[in-house]
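Step one of this worksheet: look at the structure below.
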Amino acid sequence: MNKNIPNELTYYLKLSDAVVIVDEDQFIIDVNQQYEAITGYKREFLVGLSLECLKSSVTPFVMYKSLKRALRERQPWSGTMVNVNKSLELRYSFLTITPIEIKGIVYYIGVMRFAEQLLIEEMNQNKIDQKELFKLLALSSEMRDVNIAEHLLNVQKLLEEFLLSLFEDKTYKLSLEYVSKIIEYSVLHDIGKSGIPESILYKTGPLSVYEKKIINMHPLMGVDVLNKLANEMNNKVFDDTKIAENIIKYHHENWDGTGYPIGLKGEEIPFEARVLSIVDVYDALISNRAYKKAWTKEEALSYLKEQKGIKFDPNLVEVFIEKVIHKNSIFL
Ligand SMILES: [Fe+2]
1 MNKNIPNELT YYLKLSDAVV IVDEDQFIID VNQQYEAITG YKREFLVGLS LECLKSSVTP
61 FVMYKSLKRA LRERQPWSGT MVNVNKSLEL RYSFLTITPI EIKGIVYYIG VMRFAEQLLI
121 EEMNQNKIDQ KELFKLLALS SEMRDVNIAE HLLNVQKLLE EFLLSLFEDK TYKLSLEYVS
181 KIIEYSVLHD IGKSGIPESI LYKTGPLSVY EKKIINMHPL MGVDVLNKLA NEMNNKVFDD
241 TKIAENIIKY HHENWDGTGY PIGLKGEEIP FEARVLSIVD VYDALISNRA YKKAWTKEEA
301 LSYLKEQKGI KFDPNLVEVF IEKVIHKNSI FL
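See below:
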């Protein structure tokens, strides 16, 4: 044990998560075994290093800025980091840093949780099934949003109804297998939000241009998480990674080409993403969010109509209005 560490802090090193203790000047003064295992570096190597050294080029710059500011102001901070370990593997981690003052000296306790890693281990030991894994992954991306579980379930439920009516409509020539994969993978669409700083994700005021740019990175970050997961699990939970990838990558593309991250137009946008985008937007509109109050179903419906052929595939949005909203609603 490092002799500079007050007794009160040694407790933290016994936690089952990866723990790093940093002094006031942001130099590492101790780490536990889990931290060594996760980073691939030995304690002897890490102690004395500045936290700066562990900075990776893959975590958005704005994350470090907000982390540094919090440390300077001795405020607790939490967010998601993207790290590269010694074997050059990407690691997404939830990091919480708490300042603790002992005898007039401030220390920072960093606790890291690698949600996906924990989940993958559970999955490989058959402790959880694929459905549960997807749900947990999706939830862990937006942990602080209490409404998110409900939103994901609603989206899945509406999507199921929507796709089944499209399946029955023979013009779309959909196979049941394809339809069920879209439903299954839909919960993962925002998985890339795990890489967005919480301070931006849950900001109540208007976003700056730069913050918007960071948020707009979530589809691409999501693809990265997906690929990593698929590799780690030897593709055993994804029968069709392409469908999952299309949903994650293109669910913010617009029919008229004004969406992100690529700006695809019309039928260039994969069908699964076009379908999900309608349901996702509709459910987001009728739900309460940190930055807005829920719209009424009537208001959401007029938005869908207004965005026909602009944001949404005109034919698909028509089917959604007719077969899902009208059928479900007693107000309309
Ligand atoms: Fe999204």
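Mapping of the sequence shown onto the UniProt record's numbering: position 9 corresponds to residue 9, and the numbering continues sequentially without gaps.
All C-beta atoms in this analysis are idealised placements derived from N, C-alpha and C, irrespective of residue type, glycine included.
All values derive from a computational prediction rather than experimental measurement.
Distances taken from the Cβ of residue 151 to the heavy atoms of ligand 1 include none shorter than 7 Å. By a beta-carbon distance limit of 8 Å, residue 222 does not contact residue 259. Their separation comes to about 15 Å.
Ranked by Cα distance from residue 186, the first of 32, 35, 160 is 160. Ligand 1 has no heavy atom closer than 7 Å to the beta-carbon of residue 326. By the beta-carbon neighbour count (other beta carbons within 10 angstroms, threshold 16), residue 209 is exposed.
Nearest to residue 255 by alpha-carbon distance, out of 270, 322, 37, is 270. In its chain, beyond the 5 residues on either side, 259, 264, 269 have a beta carbon closer than 6 Å to the beta carbon of residue 253. Residue range 18 to 22 is occupied by the beta strand (DSSP E) that includes residue 19. Per the coordinates, the alpha-carbon of residue 294 lies some 21 Å from the alpha-carbon of residue 189. Nearest neighbour of residue 197 by Cα position, chosen from 217, 179, 183, 184, turns out to be 217. By the Cβ neighbour-count rule, residue 244 is buried, with 16 or more other Cβ atoms within 10 Å of its own.
In the structure shown, the three-state DSSP call for residue 183 is helix.
Per the coordinates, the alpha-carbon of residue 173 lies some 35 Å from the alpha-carbon of residue 215. The beta-carbon distance between residue 273 and residue 247, rounded to whole angstroms, is 6 Å. This is short enough to meet the 8 Å contact definition. Residue 283 has its Cβ no nearer than 7 Å to any heavy atom of ligand 1. For residue 324, there is no enclosing alpha helix (DSSP H), as DSSP marks it with neither H nor E. For residue 190, the shortest C-beta to heavy atom distance toward ligand 1 is below 7 Å.
DSSP, read as helix, strand or coil, puts residue 289 in strand. DSSP places residue 214 in the uninterrupted alpha helix (DSSP H) bounded by 209 to 215.
For residue 29, the enclosing beta strand (DSSP E) has its first and last residue at 28 to 31.
Taking all protein chains shown into account, residue 50 has fewer than 16 neighbouring C-beta atoms within 10 Å of its C-beta and is therefore exposed. Counting only the Cα atoms, residue 33 lies some 56 Å from residue 315. For residue 248, the three-state secondary structure derived from DSSP is helix. When the Cα atoms are used, residue 325 and residue 300 turn out to be separated by approximately 10 Å.
In this structure residue 70 does not touch residue 38 by the C-beta definition: roughly 22 Å separates them, more than the 8 Å allowed. Here residue 219 is buried: its Cβ has 16 or more other Cβ atoms, across all protein chains shown, within 10 Å.
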